[in-house]
Amino acid sequence: MKKPEQSISILNELLILNSETEKLFFYVLDQVDDKILKNFFSLAGYERTKFIKYLDASIRESGNIPTFHDDSLLYNKIKDSNLMKAIKINDEQSLLTEAGKVQLLDIEKYQKALNNFEFSESDEELLEHHQDILVKSLYGIEVYKDFVAERNLSY
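Just so we're on the same page, the working numbering is the position in the sequence shown counted from 1, plus 12.
See below:
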């Protein structure tokens with residue numbers, strides 16, 4: 013089934029978004045020592061891997077080929093991210109706050125896509141499902157932040 017060009021373009025933008033966030037989260041995973049943070053970034057990165065797989069399949073299903081950004085540009089984006097600044101100062105609360113900001117921005121991008129563009133029913137369901145997972149992840153970040161705060165108070 014041929015999908016409208018504009019919806020394919022938006023699906024590809026979301027694919028790139030998820031690819032960038034996946035790489036960012038896996039990079040942060042390798043930089044942190046705390047088990048809670050490792051667990052969060054591992055799970056969040058894996059979720060993005062699944063999103064990429066489904067978006068890729070949807071784009072290919074329509075006879076198109078997904079495109080990705082140059083990884084060298086992504087490295088600079090990662091290096092300059094607020095997540096990296098939080099790692100450097102070794103502040104778990106800041107790290108979780110910045111991860112939450114990333115999730116929130118991505119939720120907003122999904123919502124904008126859903127509000128402003130027409131998708132097939134299956135693609136719309138896919139995007140709504142991804143967005144729901146991101147919202148739950150954002151809630152999980154708040155739970156992690158509370159746990160870290162309690163743990164830090166007990167020291």
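Glycine residues also receive a C-beta, built at the ideal position from the N, C-alpha and C atoms.
C-beta atoms of residue i and residue j nearer than 8 Å
i: Ile-22; j: Phe-129; result: yes
i: Ala-161; j: Gln-123; result: no
i: Phe-37; j: Phe-53; result: yes
i: Leu-126; j: Glu-137; result: no
i: Pro-78; j: Asn-164; result: no
i: Glu-110; j: Asn-94; result: yes
i: Leu-55; j: Leu-27; result: no
i: Ile-71; j: Ile-20; result: yes
i: Ile-1; j: Leu-108; result: Here the chain comprises residues numbered 13 to 167, so residue 1 is not present and cannot be evaluated.
Limits of the unbroken alpha helix (DSSP H) element including residue i
i: Asp-144; result: 133-165
i: Ser-31; result: 17-43
i: Asp-46; result: From DSSP, Asp-46 is part of no alpha helix (DSSP H); its letter is neither H nor E.
i: Ser-106; result: 104-128
i: Ile-99; result: 94-100
Task: Segment contact, 8 Å Cβ cut-off, at least three pairs: the region 17-34 with the region 107-127 - done: yes
Task: Stretch pair the region 145-165 + the region 40-60: three plus CB contacts closer than 8 Å - done: yes
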